[in-house]
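Trainee: Convert by adding 2 to the 1-based position in the sequence shown; the result is the number in this note's numbering.
We put the CB at the ideal spot given by N, CA and C, even for glycine.
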Amino acid sequence: QTSEVEKLPQQTRVQPQRTRNMPARIQDFEITPDDQVNDDGELVHYAFLADTEPVNMTEALNNPKWISAMTEELNSIESNDTWSLV
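(1) Would you kindly report the start and end of the unbroken alpha helix (DSSP H) that includes residue 68?
(2) Whole angstroms are fine: how far does the CA of residue 74 sit from the CA of residue 85?
(3) In terms of residue numbering, what span does the alpha helix (DSSP H) encompassing residue 61 cover?
(4) How many angstroms separate the CA atom of residue 17 from the CA atom of residue 23?
(5) Shortest alpha-carbon distance to residue 67 belongs to which of 79, 78 and 54?
(6) Using CA coordinates, which residue listed in 44, 47 and 72 is at the minimum distance from residue 59?
(7) DSSP three-state call for residue 28: helix, strand or coil?
(8) If residue 63 sits next to residue 69, beta carbons under 8 Å apart, how far is it from one beta carbon to the other, in whole angstroms?
(9) Quick one: grab the DSSP three-state call for residue 2.
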């Protein structure tokens with residue numbers, strides 16, 4: 003004996019497919035989707051970042067470019083009244 007639910011035909015929902023275009027601002031870059039990045043790719047990415055960004059505050063304070071960037075950021079925060087010292 004079959005129940006009423008089993009007698010109803012199954013409806014399948016078809017999702018419309020649309021063509022996705024890459025934004026013009028990133029068309030000159032090589033893009034790899036996250037699902038295609040393996041562990042080696044992750045390590046290369048981290049190695050690249052470790053070479054270009056300071057790991058700690060001491061390293062940042064030894065680099066004139068980072069001192070300039072930090073000063074500019076603090077000036078921006080102060081001029082926008084984002085926070086105040088108490």
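Mentor: Per the coordinate set shown:
(1) For residue 68, the uninterrupted alpha helix (DSSP H) run begins and ends at 66 to 81, by DSSP.
(2) When rounded, the distance between both Cα atoms is 15 Å.
(3) Residues 59 to 63.
(4) Put simply, the backbone Cα of residue 17 is about 18 Å away from that of residue 23.
(5) Closest in C-alpha terms to residue 67, from the list 79, 78 and 54, comes 54.
(6) With distances taken between Cα atoms, residue 59 lies closest to 72.
(7) Looking at residue 28 - three-state DSSP - the assignment turns out to be helix.
(8) Contact holds; Cβ gap of about 7 Å.
(9) Because the chain here runs from 3 to 88, residue 2 falls outside it and cannot be looked at.
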